[in-house]
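Participant:
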Ligand code: ADP
């Protein structure tokens, strides 16, 4: 293999740049030329790409977002779009592809590899951490720490004004951010899509806590909680108990920012592992880290497999909340 392409796709995540840097530098050491593809599959379809070398990835390890930019590309969901992408790869002599993103990116990569003779390796990068085959995704740790910093600030106000705060964090399908932020931030409770939310039980718990002397509380709500977002849940609670409350939706501030050391290290490991996988002919897979070991799992596991919240962390949160 002499030339590979690299792209970032779907939602951006802090650490994507550290991963690009690791892949480019390790490939170069192996004598492989790397081509940077702009805006994910959208750039691949139109041939928006350029060679990138070790100097080209200098000074990006600390930067959030992605220097290759990212996009959502409807055209790639159709075979004709993927055919155009394959033609571009052939034209430029690109034999392998590293696709950094989430399960959507890997669905696209899998269809692409099934239909055309391309070798693709995925690297999981999404702040949501909802990708099976890796304990953590690149960007998750940074998002958790960003949300945690915000909650620590909110906690000062919650304490000073003796108030209940509902803080909404990202997580449309999953409560990974909510759980880690909730535990680390000392939340009273977390409300996540994986666990049915019972407003009556929550009100009872809040009432009990306040009766036992607690004067402020923080409830962390994942945006995809089935009982509604933080505003809707706060309204339902207000109807039942007389307690002043405020709502804070953290939103996109959780997406960007300087990646934490853990994200940079994970990104470096997985960027190098992706190149190694391509060289070993282990394509059609995603590289991930499970219990400290770097492993490859089939791309399809990212959407067919299950990844559950850590039950022990949920237990700890409940144990320590009151
Ligand atoms: P993420 O990778 O973060 O989950 P998306 O779900 O937006 O993000 O997917 C990123 C891109 O991957 C999409 O814009 C599209 O180009 C491609 N993609 C997603 N799902 C499919 C699919 N089923 N088939 C082909 N391509 C897909």
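Residue numbers (my numbering): 1 to 322. Where a beta carbon is used, it is the ideal one built from N, C-alpha and C, also for glycine. This structure is a prediction, so every number in the text was calculated from the model and none was measured.
(1) Using the three-state DSSP reduction, which class does residue 158 fall into: helix, strand or coil?
(2) When DSSP builds the beta bridges, which residues end up paired with residue 289?
(3) Below 8 Å, is the gap between the Cβ of residue 297 and the nearest heavy atom of the ligand ADP?
(4) Sorted by chain position, which residues of the same chain lie with C-beta nearer than 6 Å to residue 23's C-beta, five sequence neighbours on each side aside?
(5) The ligand ADP and residue 105: does any heavy atom of the ligand fall closer than 8 Å to the residue's C-beta?
(6) Could you tell me whether the segment 39-47 touches the segment 238-258, using the rule of 3 or more Cβ pairs below 8 Å?
(7) So is the beta-carbon of residue 41 under 8 Å away from any non-hydrogen atom of the ligand ADP?
(8) Is it a yes or a no for the segment 257-269 touching the segment 140-151, going by three-plus beta-carbon pairs under 8 Å?
(9) Are the CB atoms of residue 268 and residue 122 nearer to each other than 9 Å?
(10) Just to confirm the assignment: which complete beta strand (DSSP E) runs, minimum length 3, are found wholly within the segment 160-186?
(11) So which of 74, 83, 20 and 36 has the shortest CA-CA distance to residue 59?
(12) Helix, strand or coil for residue 220, going by three-state DSSP, please let me know.
(13) Here's a check: name, in chain order, each residue in its chain whose Cβ is nearer than 8 Å to the Cβ of residue 306, leaving out the five neighbours to either side.
(14) Check whether the Cβ atoms of residue 403 and residue 249 sit closer than 9 Å, and answer yes or no.
(15) Can the beta-carbon of residue 217 be found closer than 9 Å to that of residue 158?
(16) What do you reckon, are the CB atoms on residue 220 and residue 253 nearer than 9 Å?
(17) Reducing DSSP to helix, strand and coil, say where residue 245 ends up.
(18) My output table needs one value for residue 307: the three-state DSSP class, helix, strand or coil.
(19) Which whole-angstrom value is the C-beta distance of residue 11 and residue 126, which I expect to be below 8 Å?
(20) For residue 401, count neighbouring Cβ atoms within 10 angstroms of its own Cβ and tell me buried if that reaches 16, exposed if not.
(21) Mind pulling the alpha helix (DSSP H) runs of 4 or more residues that sit fully within the segment 90-128?
(22) Kindly indicate which three-state DSSP category residue 138 falls into: helix, strand or coil?
(23) Taking Cβ positions, are residue 109 and residue 299 nearer each other than 9 Å?
(24) Where does the unbroken beta strand (DSSP E) through residue 35 begin, and where does it stop?
(25) With a threshold of 8 Å (Cβ to nearest heavy atom), would residue 304 be considered close to the ligand ADP?
(26) According to DSSP, simplified to helix, strand and coil, what is residue 299?
Facilitator: A quick look at the data gives this:
(1) Looking at residue 158 - three-state DSSP - the assignment turns out to be helix.
(2) 294
(3) no
(4) 6, 98, 271, 274 and 275
(5) yes
(6) no
(7) True, at least one ligand heavy atom lies under 8 Å from that Cβ.
(8) Three or more beta-carbon pairs drawn from the segment 257-269 and the segment 140-151 are found closer than 8 Å, and the two stretches are therefore classed as touching.
(9) no
(10) 164-169
(11) The residue among 74, 83, 20 and 36 with its C-alpha nearest the C-alpha of residue 59 is 20.
(12) strand
(13) 132
(14) Within the shown structure, residues of the chain are numbered from 1 to 322, placing residue 403 beyond reach of any answer.
(15) Yes; because the gap between Cβ atoms is below 9 Å, this pair is in contact.
(16) no
(17) The three-state reading of DSSP puts residue 245 in strand, counting E and B together.
(18) coil
(19) 6 Å
(20) Here the chain has residues from 1 to 322 only, and residue 401 is not among them.
(21) Within the segment 90-128, the complete alpha helix (DSSP H) runs of at least 4 residues fall at 103-115.
(22) strand
(23) yes
(24) 33-37
(25) no
(26) coil
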